[in-house]
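J.:
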Ligand code: 13P
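Numbering (our numbering), first residue to last: 2 to 251.
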């Protein structure tokens, strides 16, 4: 049985004091859950968030990183830097980074490999645009993105990679994929992983859904056969709402 991983992506929101207050509150509410709870916070919040999350079951992640270990890359953060302060997860290839910061399948692949080299758990985002969807290209786009992202990894590393299926047209728009639709896309992703790394590995990979997840649709989405939790943007900024998403079974 795959674990459900419910990850919040705060994007460019929350100051350190707000992060501490949030985590103090959430940690009390989620101490009983068996679902994995992750908060991917802005770089500036990481250290505070890690301290606030100590001795709780909340895991902390970053939202991006460079693929090089060190060097003349002004403004960048390396995998080793994240690892050195005990960050556990890192989002890679979010569509906002692909769209605004020239993230490509190639840089995504370099970052995924770099994350595994230092023992960070990557959450790799894939997803189609509305135009690609309307042209019937969803499966082709997301399986290709998945294949390219994972190149160079061994089966064990693939099994430890989280994929987040985030249809771009559903991000921040209030539009959600139907649960059947999201489940079918995620099945395509799992099939692609099975083709390249075997069914056993594919069965172990956690594949999340992301795109306007909220308390009222989390249960329907996360109860589907292949959806192993979610990557939550806007709704993860409110403690009570995110707590309800984490406790979606209730
Ligand atoms: P929303 O939940 O705000 O649609 O954002 C989804 C997302 O991009 C998570 O990474």
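Note that the Cβ used here is the ideal one computed from N, Cα and C, for glycine as well.
1. Measuring from the CB of residue 53, is there a heavy atom of the ligand 13P at a distance below 8 Å?
2. Identify whether residue 74 lies in helix, strand or coil by the three-state DSSP scheme.
3. Rounded to whole angstroms, how far is the Cβ of residue 8 from the Cβ of residue 62, which I believe are closer than 8 Å?
4. Where does the unbroken alpha helix (DSSP H) through residue 198 begin, and where does it stop?
5. For residue 96, count neighbouring Cβ atoms within 10 angstroms of its own Cβ and tell me buried if that reaches 16, exposed if not.
6. Count the C-beta pairs between the segment 217-224 and the segment 167-176 that are closer than 8 Å, then say yes if the count reaches three, no if not.
7. Report yes if the C-beta of residue 12 is less than 8 Å from at least one heavy atom of the ligand 13P; otherwise report no.
8. Please name the residue in 137, 112, 133 whose C-alpha comes closest to that of residue 151.
9. Which same chain residues end up closer than 8 Å to residue 190 when comparing Cβ atoms and leaving out the 5 residues on each side of it in sequence?
10. For residue 49, name the three-state secondary structure that DSSP assigns.
11. Out of curiosity, what's the CA-to-CA distance linking residue 240 and residue 247?
12. Out of 21, 90, 154, 79, which one is the CA nearest neighbour of residue 6?
13. In the DSSP assignment, find the beta strand (DSSP E) that holds residue 165 and state where it starts and stops.
14. So, is residue 24 buried or exposed, given that buried needs 16 or more other C-beta atoms within 10 angstroms?
15. What residue range is occupied by the uninterrupted alpha helix (DSSP H) comprising residue 115?
16. Can you give me the Cβ contacts of residue 140 inside the same chain, cut-off strictly under 8 Å, excluding the 5 residues immediately before and after it?
17. What is the DSSP secondary structure of residue 172, reduced to helix, strand or coil?
18. Would you report the Cα separation of residue 235 and residue 98, rounded to the nearest angstrom?
T.: Taking the structure as given:
1. no
2. coil
3. 7 Å
4. 180-198
5. buried
6. no
7. yes
8. 112
9. 127, 143, 144, 147, 164, 166, 208
10. helix
11. 10 Å
12. 90
13. 163-166
14. buried
15. 106-119
16. 186, 189
17. coil
18. 17 Å
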